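Beneath this line is the structure, given in structure tokens, with notes to follow.
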Amino acid sequence: MSFLDQLISNTVRADVRAVKSYQVADASGYIKLDAMENPYPLPQHLREELGARLAGVALNRYPPSYASLQAAICAKLGVPAGYDVMLGNGSDELISILAMACAHQEPGKRAVLLAPVPAFVMYARSAQFAGMDFVGVPLQADFSLDMPAMLAAIEQHRPALVFLAYPNNPTGNLFATADIERILAALGDTGIAVVDEAYEPFAQHSFMGRLPEFENLVVMRTVSKLGLAGIRLGYMSAEPALLAQFEKVRPPYNVNVLTQAAAEFALDHIDVLNAQADLLNSARDALALRLAELPGVTVFPSKANFLLIRVADSDDVCAKLLARRVLIKNMSKMHAALANCLRISVSTPEENSLFYDAFKASLV
Ligand code: PMP
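Note that UniProt numbering has the sequence shown beginning at 1, numbered continuously upward.
So this is what it looks like as structure tokens:
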């Protein structure tokens with residue numbers, strides 16, 4: 001063994017050595033439909049205004065505090081009165097902060113993070129790196145929650161955290177409100193349910209307004225899907241006393257000054273972003289109808305800005321799409337329930353059309 005191999009094996013955790021790092025595909029020259037981004041940039045006149053705003057931002061000092069962005073989020077994004085938000089470098093960071101805060105260990109016993117599966121991959125990853133055990137409870141065939149199995153798993157493992165993406169990634173559906181309420185009740189004061197509303201701009205269903213009803217509820221969101229994926233900003237709200245605990249784990253200065261300024265600017269123009277989300281919603285429904293007419297293609301119902309579809313041979317279709325410079329996500333290997341499934345971000349009418357033609361040609 002070389003010195004470096006020896007060094008790595010003496011120092012880096014075995015479970016970290018065993019995994020691959022998160023891969024971000026190089027999308028230059030491709031129609032990029034793999035990451036649920038909003039394809040519409042800010043209109044030119046707003047970009048120019050934003051440029052002027054950013055030019056005035058001091059880069060030589062640490063970010064002072066994010067109080068002004070916090071206040072803007074609370075005022076404009078439906079956070080109930082008396083509740084605050086904690087901000088993260090994307091909601092990815094918030095997921096990992098929650099896991100770090102809850103990863104208590106007693107001798108021979110680790111805290112559990114539970115989620116229905118298939119789920120957003122960062123839940124299991126953050127649990128692992130924080131030293132929690134991840135328990136995945138399979139969804140039913142129609143991707144709804146398997147409530148007897150969820151309640152039995154909660155009873156058995158008493159998870160400290162339950163993550164519920166609402167709508168779910170990668171399946172696109174909204175779980176039943178009553179099911180989430182039952183999970184909150186079953187957890188009681190032994191566990192926190194995190195309702196992850198990354199796709200809320202498209203679903204228009206939210207638990208944010210219901211925070212006062214549930215002291216063990218955290219509602220998490222991101223601005224990524226709304227058209228600001230590049231600035232990396234997530235936020236979450238919960239009972240102030242609970243949020244104060246997570247605040248201790250948040251790294252200092254985690255939301256940089258450029259992100260803060262850009263987000264505040266964007267919130268002043270939230271109507272522009274919401275209008276883009278409406279366009280994407282209509283485009284999603286139109287694309288779903290067209291795809292469902294193709295022989296051998298199953299389209300699952302989606303309340304997000306992506307579609308999950310099943311084809312006869314996802315590897316083959318994916319390779320053919322790649323050759324036609326279209327980038328989508330092959331979900332086939334992620335989970336048994338996603339065999340031959342592809343996930344496609346909804347885009348502009350032009351890109352959806354290009355995708356549709358390339359996809360149709362890939363089926364033969
Ligand atoms: N939650 C869900 C359900 C997601 O799908 C994603 C992004 N794919 C995230 C959280 C992370 O979002 P962010 O860009 O804010 O880190």
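Beta carbons are placed, not taken as given, at the ideal position from N, Cα and C, and that holds for glycine. From a predicted model like this one, the values you see are computed outputs, not experimental measurements.
Contact annotation: the stretch 72 to 82 touches the stretch 204 to 213, with at least three C-beta pairs closer than 8 Å.
Ordered by chain, the residues meeting the criterion of a beta-carbon within less than 5 Å of a non-hydrogen atom of the ligand PMP are GLY90, SER91, ASP92, PHE120, ALA165, ASN169, ASP196, ALA198, THR222, SER224, GLY234.
Rounded to the nearest whole angstrom, the CA to CA distance from GLY191 to ALA358 is 46 Å. Separation of the CB atoms of MET147 and ASP179 is rounded to 6 Å, and the pair is thereby assigned contact status at 8 Å. Exclusion of the five residues before and after GLU293 leaves no residue of its chain whose Cβ lies closer than 8 Å to its Cβ. Residue environment: THR298 is assigned as exposed (fewer than 16 neighbouring CB atoms within 10 Å of its CB, all protein chains considered). Partner residues in the beta bridge of GLN105, as assigned by DSSP, are ARG110. Short of 6 Å from the beta carbon of MET36, and not among the five residues preceding or following it, lie these beta carbons of its own chain, in chain order: LYS225, ASN305, PHE306, SER345. Under the three-state reduction of DSSP output, ASN340 falls in the coil class, being neither helix nor strand. The bridge partners DSSP lists for ASN330 are LEU342.
One alpha carbon belongs to GLY108, the other to PRO159, and they sit about 16 Å apart. For ALA238, no alpha helix (DSSP H) segment is defined; the enclosing uninterrupted segment is the beta strand (DSSP E) at 234 to 238. For PHE202, the enclosing alpha helix (DSSP H) covers residues 200 to 203. For secondary structure counted as the alpha helix (DSSP H) over 4 or more consecutive residues, the stretch 238 to 283 holds these complete runs in sequence order: 240 to 247, 257 to 268.
Approximately 17 Å separates the beta-carbon atoms of TYR199 and ILE73; this is outside 8 Å, ruling out the contact. For LEU187 and ASN216, the gap between their C-alpha atoms comes out near 8 Å.
Between ASP34 and PRO240 a beta carbon distance of about 38 Å is seen, past the 8 Å cut, so the two are scored as non-contacting.
Bounds of any alpha helix (DSSP H) do not take in ALA35, whose DSSP letter is neither H nor E. DSSP places ALA127 within a helical segment (H, G or I) once states are collapsed to three. In the pairwise beta carbon analysis, the stretch 329 to 345 is classified as touching the stretch 308 to 315: at least three pairs are separated by under 8 Å. The beta carbon of TYR123 is closer than 6 Å to those of ALA115, PHE163 in its chain, skipping five residues each way along the sequence. If you draw a 10 Å sphere on the C-beta of SER65, you find fewer than 16 other C-beta atoms in it, and that means exposed. For ASP84, the secondary structure class from DSSP, reduced to helix, strand or coil, is strand. If you draw a straight line from the Cα of LEU279 to the Cα of TYR356, it is about 18 Å long. Counting only the Cα atoms, VAL194 lies some 8 Å from ALA165. In this chain, the alpha helix (DSSP H) harbouring PRO148 covers 147 to 157.
Positions of the alpha helix (DSSP H) runs, each at least 4 residues long and wholly inside the stretch 165 to 230, are given as 177 to 187, 200 to 203 in order along the chain. In the DSSP assignment, GLY56 falls outside any alpha helix (DSSP H) and carries neither an H nor an E. If you look at ARG310, you'll find it in the beta strand (DSSP E) that goes 306 to 310.
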